Structure formats: C-alpha cells, structure tokens
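Protein chains: 2
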Amino acid sequence: MTPPLHLSLAGQAVDVLREQVLTGVIPPGSRVNEVEVAQQLGISRGPLREAIRHLASERLLTLVPHRGAFVPDADASDVRALFELRTALECAAAELAASRRTDVDLVRLHEVCAESRRNYKAGQPFPYRLDLAFHQALLDAARSPHIAEQVRLVQQRVVLLRSALEDDPPHQHASMDDHDELVKAVEDGDAARASTVMRRHLSRVCAQMLTSLNR
Amino acid sequence: MTPPLHLSLAGQAVDVLREQVLTGVIPPGSRVNEVEVAQQLGISRGPLREAIRHLASERLLTLVPHRGAFVPDADASDVRALFELRTALECAAAELAASRRTDVDLVRLHEVCAESRRNYKAGQPFPYRLDLAFHQALLDAARSPHIAEQVRLVQQRVVLLRSALEDDPPHQHASMDDHDELVKAVEDGDAARASTVMRRHLSRVCAQMLTSLNR
DNA sequence: AAACTGCCAACTGTCGACAGTTGACACGTT
DNA sequence: AACGTGTCAACTGTCGACAGTTGGCAGTTT
C-alpha cells in the first residue's frame, strides 16, 4: 500500500538517507541529486525534499540555493568548534548525572564499562558502539531530555567527521580509563569532578580526531 | 516576479511564520492550517510545508502525523528542562568569553550595560531587546559559532514561552547587576567566576518565568 | 592562446490535483 | 441516558508537471 504503513515516506527517507550519509555511502563533498535519489528510493521528490531539509537541519547536509544538498566534509577548525559545543553539553550532563543518578543508572554504567573491558582483554578493539552506549547511559542518568537530544545531534555530526574509525590502542585504553573514572565521580555524586573528567576525556577524543584528520 | 528575488518562498515563509509564532499572532496551542496559511501568504502548500518543517526542527512548532503542526504551549517542567540546556550552553559561552574576549568585545559589553542603566534610570522598563543584545555580545566574545547557534535556538524557544513580557522591577534590577558582574568577570579573564555568575543569572531568570507562569 | 559571449542541458523551486487518514457528528442500539 | 457504530467533511501526504536558475561548453574575438 502507498499510504503510511508505519511511518511517512519522508520519515523513512530520513532514516535511509541519514544511514547512507553517516556510513559514507554518500561520501563527503558529494551532492544529492533529487530526481536520482527519489527514483532510487521509489518515492517522489516531495517527500525526499522534506527528508533532505530535515537532515540539513541536523547539519548532516548543507543546502546551497539552486544548487542542491551536499555532504559537508571535515575541517580541523570545525572539529574544534564542534567539540566546544559537545563539551559544553556533555559536561553539563555529567554534572546532572552526578546529582540525579539512581542505582539502576549506576548498574547500567558499570555494565557498559565492564563489557568494554571484557571486549578489550579479548583482543577486540574498543567498538564505537560501546562508546556510544556509555555516553547514552550517562545521558539517561542526567535526565535532561533537551540536553540529551542536542548531544545526540552533535554526536551524529562527530560520526560524520570520523573519516576512518580509529582503533588506536593507547587512545582506547585511556578512553576506558576516563569512562571508569567518570562512573566513580557520578557514583560519588561529585558533580565538579564528573565535569572535569568529562572535559579531559572529550579533549582527548578531539585531539585524537584531529591527528587522524591530518593523515 | 515569481522567481526567488532574494530568498526562496520557503525562506520567506519561515521568516513570516517565525515572527507570527514568536509574537503570538498564532497563539500557543493553535494549529497551522496548510491551505489556509498558504493562501494567506500567497504561496502554494509546497514551500509552506518546508517552512513548517523547518520551524518544527527549531522546536517552534510541533508536528503530529496526519494532524498538522501546532504551536507548543508552556509547561513548568519544560521550562526547567529548557533552562538546563540554556545554562549548559551559556555557562560554557561565558567561560570561553572570559578567555577569548578582546578589547572591542569589552567595549561592546560595557556599552550594552550602560544603555540598560540609562534606560532604567529614565524610568523605562528593562527591554528584552537589551537583554538579548547583552547575551549576543557575550556570545560574540566567546567566538564559538556552534554554541552561539544553539543558544539562539534555545533563546527563541524561551521567547515562545514568555506568555507575558515581564517587567518586574526588582527582577530587572537584579538582572542588570548580574550583567555587570558578568562583564567584570569576563574582563578579568576569570572563567570560573563568569560561569558561576551566569548560572546564578539564568537560575534567577528561570525562577522568574516559573512564577509568571503560575499566574 | 586567453578571455569573453551566448547558448544549452540539468537541476532545483514551485504549483495544482489526487489519494488516504483523522476526528467529529449523527444515528441506532442496549 | 450512555454507549457503540457508521458516515462524512476537512486536512495532510504524495505525486507529476511546469517554470526559472545555474554551471558548463562551444564558438567567437582579441
């Protein structure tokens, strides 16, 4: 059936396009041809346009009048500016988490950290999936929906900039240490320390991304 | 001429609609009828839909599938959650401003504060315009475009919630004192203090909005 | 050969019309 | 009278077509 089965065509197009942009199927710098992609998705240009505008509002696409939508590509100064925003948001989230966390939040946080350690000791690289899970668990503990939403958007943009998923062992080890320390601070209800550790953690991640950009 | 003279029809519609939503021409809780508003603006539903989706991405409208777009109305818990986000962003901006401000930034900040004082002493209420100008000047000094952009969006949502523009003299006086103190901290390059003062300031503003909501 | 001019194809911006869904009202039932 | 059911108008979701703009290419000039 043509009618919205469970989600509007525009909504489905958003999901598909976002996936394709984030995974690099549509590479940075390239352009999104409306008629071509519309045919490809089996929908008309109307819903696709809405999807494109939506992704543009998430900064996953850049709109140029009369030229179309482009996938933005990384730039060192952009990375730094983006991480300023991310730091502001996640440090606040860390503080809130320290003062609002419940026992179930702590269980979840410990769980994610433990899985990361197990994974690492088994010789596996620290998957980005688990990093995301950790930050998500922290956001849940912060109980600030608006901050959580913004962090989600920023993280997406960070993913977009991750040209290559880095698996630098020393960096991963330090990240896991940061996570553990963060959990301790949250567990102790030490908001100031949680914020400080988060800031250091993100600063490390940012630096890592910058070096991987210069290669 | 029908062609985009200087901005697309959708872009113009965004500006007009945003104005109407923020000034209460379209009151909170009401619905935006696509055909009606389209005729009213002299455009077709296509560009208007794009405009509506755009404003929805700014959270100035709420989309309900198959029902349309609604102007969200205030809720005490929403206000608190929104101010958590605003606090996170503006405290970070205050810190950055303290470490990055130039002399011209300081001149501009003093200027705005002085105009507020003059205005106040002349018996005029503290206009929201000047409050915005102050926060804007601070953001300029912070030099973090992404944070500035997010603050702009959050401030818009705050305006949307301002059912009645409050002119409570004690509150206004306290706000101006906060601003002055903030400028001092920024001038001294004291990031920690700038952040603290900003937090206190926003907490005061938030409280003021909450009390004005319960009336 | 370099620069300028005029044309052209490709694409976006916009429109009007059709199809499907939603909420409400009227009617009938218990 | 309260409740459930069927119908309907209003509106959103979607589509295909037209109009206007953009960047590039060919041809010409200096």
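Which chain is which? The protein sequence lines are A and B, in order.
Take this note's numbering: the last position of the first sequence gets the number 228, and nothing is skipped along the way.
Take this note's numbering: the last position of the second sequence gets the number 228, and nothing is skipped along the way.
The C-beta atom is built at its ideal place from N, Cα and C for all residues, glycine as well.
This one's a predicted model, so the numbers in the text were calculated from it and none came from an experiment.
Problem set entry | Cβ separation of Val50(B) and Leu35(B), assumed to be a contact under 8 Å, to the nearest whole Å | Not a contact, Cβ separation roughly 16 Å.
Exercise. For Arg217(A), which of helix, strand or coil comes out of DSSP?
Worked result: helix
Exercise. Hey, Leu122(B) and Ala150(B) are a contact pair by Cβ (cut 8 Å); roughly how many whole angstroms apart?
Worked result: About 5 Å separates the two Cβ atoms, so the contact holds.
For this session: Take Gln33(A) and list the residues in its own chain whose beta-carbon comes closer than 8 Å to its own, dropping the five residues that flank it on each side.
Result: Sequence-distant Cβ neighbours of Gln33(A) in its own chain, meaning closer than 8 Å and more than five residues away, are Ile39.
For this session: Indicate the three-state DSSP secondary structure (helix, strand or coil) for Leu73(B) in the structure shown.
Result: Correct three-state label for Leu73(B): coil.
For this session: Identify every residue that forms a DSSP beta bridge with Arg80(A).
Result: According to DSSP, Arg80(A) bridges with nothing at all.
Problem set entry | Strand pairing of Val45(B), partner residues [DSSP] | Ala82(B)
For this session: Compare the C-beta of Gln221(A) with all C-beta atoms of chain B and state if any pair is closer than 9 Å.
Result: no
For this session: For Arg114(A), name the three-state secondary structure that DSSP assigns.
Result: coil
Problem set entry | Reference Pro266(B); option with closest CA among Val196(B), Glu103(B) and Leu223(B) | The shown model of chain B, from 14 to 228, leaves out residue 266(B), and the question about it has no answer.
Problem set entry | Nearest to Ala220(B) (by Cα), restricted to the options His186(B), Ala89(B) and Arg130(B) | Ala89(B)
For this session: Using three-state DSSP, classify Phe139(A) as helix, strand or coil.
Result: coil
Exercise. For His184(A), which residues from the same chain have a beta carbon less than 6 Å from its beta carbon, with the 5 sequence-adjacent residues on both sides left out?
Worked result: Gln221
Exercise. Should the stretch 104-119 of chain B be regarded as contacting the stretch 208-220 of chain B, the criterion being three or more beta carbon pairs within less than 8 Å?
Worked result: yes
Exercise. Is Ala23(B) helix, strand or coil by DSSP?
Worked result: helix
Exercise. So with Cβ pairs under 9 Å, would you call Gly42(A) a contact of chain B?
Worked result: no
Exercise. Can you give the Cα-Cα distance for Val27(A) and Val171(A), rounded to whole angstroms?
Worked result: 18 Å
Exercise. Okay, do the stretch 112-126 of chain A and the stretch 73-93 of chain A touch, 3+ Cβ pairs below 8 Å being the bar?
Worked result: no
Exercise. If you pair each beta-carbon of the stretch 127-137 of chain A with each one of the stretch 183-198 of chain A, do three or more pairs fall below 8 Å?
Worked result: Enough Cβ pairs lie closer than 8 Å, so yes.
Exercise. Which residues of chain A have a Cβ atom closer than 7 Å to the Cβ of Gln163(B), listed in chain order?
Worked result: Chain A residues near Gln163(B): Leu98 and Gln163.
For this session: For the alpha helix (DSSP H) holding Ile160(B), just list the boundary residues, first then last.
Result: Pro158 to Leu174
Problem set entry | Asn227(A) - DSSP class collapsed to helix/strand/coil | coil
Problem set entry | Nearest residue (CA-CA) to Ala198(B), options Arg113(B), Ala146(B) and Val167(B) | Arg113(B)
For this session: May I ask you to report which of helix, strand or coil DSSP gives Asp88(B)?
Result: Here Asp88(B) sits in coil by DSSP.
Exercise. In angstroms, rounded to a whole number, what distance separates the CA positions of Asn46(B) and Arg156(B)?
Worked result: Taking the straight line from one Cα to the other gives about 40 Å.
Exercise. Do the CB positions of Ile65(B) and Leu22(B) come within less than 9 Å of each other?
Worked result: no
Problem set entry | Segment limits, alpha helix (DSSP H) that includes Pro40(B) | Counting along the chain, no alpha helix (DSSP H) covers Pro40(B), and no H or E run does either.
Exercise. Does the beta carbon of Ala207(A) come closer than 9 Å to any beta carbon on chain B?
Worked result: no
Exercise. So Asp193(A) is in the alpha helix (DSSP H); what residue range does that whole segment cover?
Worked result: Pro182 to Asp201
For this session: Compute the distance between the beta-carbons of Ser188(A) and Asp144(A), then report whether it is under 9 Å.
Result: yes
Exercise. So what's Ser129(A) in DSSP terms, helix, strand or just coil?
Worked result: helix
Exercise. Going straight from the alpha carbon of Leu174(B) to that of Ser225(B), what length do you get?
Worked result: 11 Å
For this session: Excluding the 5 residues preceding and the 5 following Ala161(A) in the sequence, name in chain order all residues of the same chain whose CB lies nearer than 6 Å to its CB.
Result: Leu152
Exercise. If Ala87(B) sits next to Pro41(B), beta carbons under 8 Å apart, how far is it from one beta carbon to the other, in whole angstroms?
Worked result: 7 Å
For this session: Consult DSSP for Gly261(A) and reduce its assignment to one of helix, strand or coil.
Result: Given that chain A is displayed from residue 14 to residue 228, the structure contains no residue 261(A) and the question cannot be resolved.
Exercise. Closer than 9 Å, CB to CB, is Leu18(A) near chain B or not?
Worked result: Reliability fails at Leu18(A), whose pLDDT of 43 lies under 50, so the model's placement of it is uncertain and no value is given.
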